[in-house]
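> If you read the sequence shown in this note's numbering, its first letter stands for residue 3, the second for the next number, and so on.
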Amino acid sequence: MALLSNYCFGVLVASYNDGERPITSFTGGIFVAGETALPCRHPGAPPDDIINLVAAVVKGMARNTPFLQQHGLTSEDFELALPAAIQRIRGSAAASNADRRAFLIALFSQMSAEGAIESFDLPDYGNDTIYRLRIAGIGSVAIIQKGCPDGAHSSVNWSAPAWADETYLWWLCDSLQYEPGEHVAKGVNRLRNRFFSNKYTDAVDGIIFHNATCGTSLRPCPKAPRAIDIGGKMVPPPCINIMPDRAGFQDPSHTNWNWDGERVCRFPEVLLSTFGIGADEVPLFTGQVGFLKSARGTRTRISSRYGPGRSTNFRSDPR
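1. According to the neighbour-count rule (16 or more other Cβ atoms, all chains shown, within 10 Å of its Cβ), is tryptophan 165 buried or exposed?
2. Is the stretch 192-203 close to the stretch 225-233, with three or more CB pairs under 8 angstroms?
3. Assign aspartate 319 to buried or exposed, taking buried as 16 or more other Cβ atoms, counted over all protein chains shown, within 10 Å of its Cβ.
4. With burial defined as no fewer than 16 other Cβ atoms inside 10 Å of the residue's Cβ, what is the status of aspartate 126: buried or exposed?
5. Output the distance between the C-alpha atoms of leucine 84 and glutamate 181, rounded to the nearest integer angstrom.
6. Candidates Asp253, Ala187, Leu174 and Ser296: which alpha carbon is nearest serine 199's?
7. Taking glycine 280 as the reference, which of Arg43, Glu78, Val190 and Ala118 has the closest Cα?
8. Quick one: give me the first and last residue of the alpha helix (DSSP H) that aspartate 51 is part of.
9. Based on Cα-Cα distance, which residue from Phe316, Thr38, Gly141 and Asp204 lies nearest to aspartate 167?
10. Note down the Cα distance separating cysteine 267 from glycine 208, rounded to an integer number of angstroms.
11. Per DSSP, threonine 300 forms a beta bridge with which residues?
12. By the 10 Å Cβ neighbour count, where 16 or more other Cβ atoms means buried, how is aspartate 204 classified, buried or exposed?
13. With DSSP collapsed to three states, give me the class of methionine 113.
14. In the DSSP output, what is glycine 278 paired with across the bridge?
15. For aspartate 130, which residues in the same chain have their Cβ closer than 7 angstroms to its Cβ, ignoring the five residues on either side in sequence?
16. If distances are taken between C-alpha atoms only, which option among Cys42, Gly36 and Thr38 comes closest to threonine 218?
17. Exposed or buried, what is valine 56 when buried is set at 16 or more other beta-carbons lying within 10 Å of its beta-carbon?
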């Protein structure tokens, strides 16, 4: 299939090459900025009209006095407690830290059993969420466990350990609020602000978007043919993107940070080998993040690859 270009309000922001078929369909050539950062979508997410109906039902309860009285509530009680109740429901519905830990531990245990990594240390729970993977030929790789990338806690509030030869931010996100690519684009935007800030001295070598939702009916994965059995569940390979090297970020003459995706890191090959992806195939399953400065501002590029001839790209407007 020829290279397809899609425009958002007349600005080229994404290009696709899927070898056989378009990655997704668009209505009127307009799509939500950021969703093209990753190749997957959330077809199981409820449509906006259903969400609006549910919201109307919940709001209507405040006016249903008989219903509230049956549950020992007044309208004032209901309206006052509703925001806190919604937050509590969100917290109970989201994957817990225990679920995230279980997912990563199962994967790292598989990698250890296959000899991809020599050993791994668990985080000091309560103090950090950093796993230390010891890998022959690399040294120590730090995996910083985080939730959905659109929050400051998951994309800004972290520290790369001094012992790490490579450091990765692993987003374990089960939220259907945004498409996966939108989640990642929001996280990368926060990372970009951190990247160019004098407040920080550290950086991550890459980002990984991968959790138990990947490969399910809620988040079908185009890499499903390469899925492996981990703990009785078929898990597809992760979406992994290499971040730019931070060197020269203060130099005004330096304008390009991995914009062309030239940076190579070593951990992606180790991680992808667990899914039967050979060294020669690693570039076909490894994405890149790049930044480009000009007089108009700074642009972000997020590219993702998911097999031979299959890729998707997102480019932000200068800002």
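C-beta: ideal position from N, C-alpha, C; glycine also.
In terms of the structure at hand:
1. exposed
2. no
3. exposed
4. exposed
5. 27 angstroms
6. Asp253
7. Ala118
8. 50-63
9. Gly141
10. 8 angstroms
11. Lys295
12. exposed
13. helix
14. Looking at the DSSP assignment, glycine 278 forms no beta bridge with any residue, so it has no partner.
15. none
16. Cys42
17. exposed
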